[in-house]
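**Student:**
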Amino acid sequence: METQLLPENELLQRARRFDRPALAEAYDRYSPALYRYALRRLGDPELAEECVAETFSRLLQALRHERGPRDHLQAYLYRTAHNWIVDHYRRQPPAPLALDDDLPGQEETPEEAARRHLRQGHLRQALQELTPDQQQVISLKYLEGWENEAIARVLARPVGAVKSLQHRALAHLQRLLKDEDLI
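Going from the sequence shown to my numbering is simple: count from 1 and add 65.
1. Grab me the residues of L76's own chain with a C-beta within less than 7 Å of its C-beta, minus the 5 sequence neighbours each way, in chain order.
2. From V117 to E172, what distance separates their C-alpha atoms?
3. Rounded to the nearest angstrom, what separates L142 and N213 at their Cα positions?
4. Classify R180: buried if its beta carbon has 16 or more other beta carbons within 10 angstroms, exposed otherwise.
5. In this structure, how does DSSP classify E194 when only helix, strand and coil are distinguished?
6. Is F121 helix, strand or coil when you go by DSSP?
7. Using only the alpha-carbon positions, how far apart do L238 and R156 sit?
8. If distances are taken between C-alpha atoms only, which option among R184, L183, V219, H182 comes closest to Q200?
9. Taking S229 as the reference, give the member of E209, Y207, D198 with the closest Cα.
10. Quick one: using the 10 Å Cβ neighbour count with 16 as the cut-off for buried, is Y95 buried or exposed?
11. Is S204 closer than 8 Å to Y100 when the C-beta atoms are compared?
12. When you compare only the Cα positions, how much space is there between P97 and L104?
13. How far does the alpha helix (DSSP H) with Y95 in it reach, from first residue to last?
14. Between P110 and R81, what straight-line distance do the alpha-carbon atoms span, to the nearest angstrom?
15. Between E209 and E131, what straight-line distance do the alpha-carbon atoms span, to the nearest angstrom?
16. What are the start and end residues of the alpha helix (DSSP H) that includes T145?
17. Buried or exposed for I216, please, with buried defined as at least 16 other CB atoms from any protein chain shown within 10 angstroms of its CB.
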């Protein structure tokens, strides 16, 4: 018999009381997606693992000091991971951004592979030109498939601000990629 997942608000309330099964469920529920998000932003599996570990460590520290999220646990975790990633980039230059280089089932000629690799490299460079908030909006919206309302909770901004960030980011990407003759 499969165990039923707790609703997020109940999961958070139990986690705030340091209920071990709730903390384990929170980790099991959110760590895979956080890892994918961090990997896309950082381009390095070890750094992505470090980001996820630090994100949950910071959650536990906040809960221990009776701080942390009162609602929207997932948004809190993504905001924490985002802050860790921004801090990481401030400490050192960014590594290339992973954008699913090896998609299964692709049969292509060496010329097509070279063109694809070149386009992905230009896209990675263009994404690095965006502000951290714009990068996060683009990552969550187009790589993770999130709705604007969920992104707004992560950024702690109104939905209108998320739409504006998304619009400016896409316009900036379009200009950068047009300069490279990629669109």
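Where is the CB? At the ideal position from N, CA and C, for every residue including glycine.
**Tutor:** Taking the geometry as given:
1. Position 11 of the sequence shown, counting from 1, holds the residue named residue 76. Around L76: A87, E90, A91, L138.
2. One-based indexing of the sequence shown puts residue 117 at position 52. One-based indexing of the sequence shown puts residue 172 at position 107. Between V117 and E172, the C-alpha separation is close to 34 Å.
3. The count along the sequence shown starts at 1 and reaches residue 142 at position 77. The count along the sequence shown starts at 1 and reaches residue 213 at position 148. Their backbone Cα atoms lie some 17 Å apart in a straight line.
4. In the sequence shown, the residue the question calls residue 180 occupies position 115. Exposed, by the Cβ-count rule.
5. For the purposes of this step, residue 194 is taken as the residue at position 129 of the sequence shown. DSSP places E194 in coil when its eight states are reduced to three.
6. As a first step, residue 121 is located in the sequence shown; it is residue number 56 there, counting from the start. Three-state result, F121: helix.
7. Position 173 of the sequence shown, counted from the first residue, corresponds to residue 238. Position 91 of the sequence shown, counted from the first residue, corresponds to residue 156. The alpha-carbon atoms of L238 and R156 are separated by roughly 25 Å.
8. Here the question's residue 200 lines up with position 135 in the sequence shown. Checking every option, the nearest Cα to that of Q200 belongs to V219.
9. Within the sequence shown, the letter at position 164 stands for residue 229. Residue D198 is the option with its Cα nearest to S229.
10. Mapped onto the sequence shown, residue 95 falls at position 30. The residue is buried, with at least 16 neighbouring Cβ atoms inside 10 Å.
11. In the sequence shown, counting from the first residue as 1, residue 100 sits at position 35. In the sequence shown, counting from the first residue as 1, residue 204 sits at position 139. No.
12. One-based indexing of the sequence shown puts residue 97 at position 32. One-based indexing of the sequence shown puts residue 104 at position 39. Going by the C-alpha atoms only, they are around 10 Å apart.
13. What you label residue 95 is simply residue 30 of the sequence shown in a count that begins at 1. Element bounds for Y95: 85-107.
14. Position 45 of the sequence shown holds residue 110. Position 16 of the sequence shown holds residue 81. Looking at the two C-alpha atoms, the distance is approximately 29 Å.
15. Position 144 of the sequence shown, counted from the start, is the residue given in the question as residue 209. Position 66 of the sequence shown, counted from the start, is the residue given in the question as residue 131. In a straight line, the C-alpha of E209 is about 30 Å away from that of E131.
16. Within the sequence shown, the letter at position 80 stands for residue 145. Here the alpha helix (DSSP H) through T145 covers 138-156.
17. Taking the first residue of the sequence shown as 1, we reach residue 216 at position 151. Under this definition I216 is a buried residue.
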